[in-house]
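Report on one structure; see the data block that follows.
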Amino acid sequence: MESLNRKNWETHKVIYEPCILIPVDILAIWQYVASRIHTEFCIYHKAKWTEEGLQLENTYYIPKQECTTASVNILEPVPLEYNVVVHSHPGFHSHSFSHADRTATGNREAHILLNCEGEPQKAVLRLKLPNNMYIVIEAKIKLIPSSHVHVDISPIREKQFTYHHYPQYYQYRFYKNHKDDDDIIIV
Ligand SMILES: [Zn+2]
0 MESLNRKNWE
10 THKVIYEPCI
20 LIPVDILAIW
30 QYVASRIHTE
40 FCIYHKAKWT
50 EEGLQLENTY
60 YIPKQECTTA
70 SVNILEPVPL
80 EYNVVVHSHP
90 GFHSHSFSHA
100 DRTATGNREA
110 HILLNCEGEP
120 QKAVLRLKLP
130 NNMYIVIEAK
140 IKLIPSSHVH
150 VDISPIREKQ
160 FTYHHYPQYY
170 QYRFYKNHKD
180 DDDIIIV
């Protein structure tokens, strides 16, 4: 009976730590806009769920908008497939959502707040519950590598370090050699 329950459990994919994954290409877009726009601004993105969290795609939509240093007024409907809304705070209040922001997530799946340099500061996920209810929870922000960058990494050989007197499960791939303590040999 126990093994049957365990099997059922293992068929479910559970995310224990809510997370929004942001490719660095997207970060570059935000930094570009923030370097040229000195009021608030708003950008929409598409994102898909992975086992690690909600991952933004390399697409964006900037709707027509009127912005001040404390407000954004979106002037056109934004297609619902852009399920992530991002807005910036240019000034001293750049590190947290305002009270108005908390209710402005609208019908999008996530809301990310940027500072005046276009760097993500806070993020929330809006998840559907039964009976037409939603829960808004704070999510961890994680930057992920660009899918457009290709580097020849063939000169780098990942060598496994082994601790002979430790059992196999301690022999981590990246386990540091404490004896030589992070030496680098330059030739
Ligand atoms: Zn705001």
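Going by the working numbering, the residue at position 75 of the sequence shown is 74; the numbering climbs one at a time, nothing skipped.
Don't be surprised by glycine CBs; every beta carbon is placed ideally from N, CA and C.
Note that the structure is predicted; figures quoted are calculated from it, not measured.
Along the alpha helix (DSSP H) that carries residue i, what are the first and last residues, could you check?
i, result
"S34", "V23 to R35"
Could you give the first and the last residue of the continuous beta strand (DSSP E) run that contains residue i?
i, result
"K141", "K139 to I143"
"R156", "Premise fails: R156 is in no beta strand (DSSP E) and is neither H nor E."
"G52", "G52 to Y60"
"S87", "V83 to S87"
"C41", "C41 to T49"
"N72", "S70 to I73"
"C115", "Element bounds for C115: n/a, residue is neither H nor E."
"T67", "Q64 to T67"
Cβ of residue i within 8 Å of Cβ of residue j?
i, j, result
"P62", "E75", "yes"
"E137", "V123", "yes"
"L126", "H86", "no"
"I28", "L55", "no"
"H94", "Q120", "yes"
"Y60", "V83", "no"
"E50", "K12", "yes"
Taking C-alpha atoms, which residue in the options lies nearest to residue i?
i, options, result
"P22", "I140, I152, I185 and P154", "I140"
"E39", "K45, N114 and G52", "N114"
"I42", "R125, I184 and A109", "A109"
"C66", "N130, H88 and T58", "H88"
"N106", "N131, S145 and L142", "N131"
"H37", "T68, Q30, E16 and E51", "T68"
"I19", "P154, D100 and I143", "I143"
"V71", "N57, D100, W48 and T58", "D100"
"L53", "I73, I184, R35 and Y15", "Y15"
"P17", "I134, I185 and K158", "I134"
Taking the DSSP output, what are the residues bridged to residue i?
i, result
"R125", "V135"
"I19", "L53 and I140"
Rounded to whole angstroms, how far is the Cβ of residue i from the Cβ of residue j, which I believe are closer than 8 Å?
i, j, result
"G117", "A33", "3 Å"
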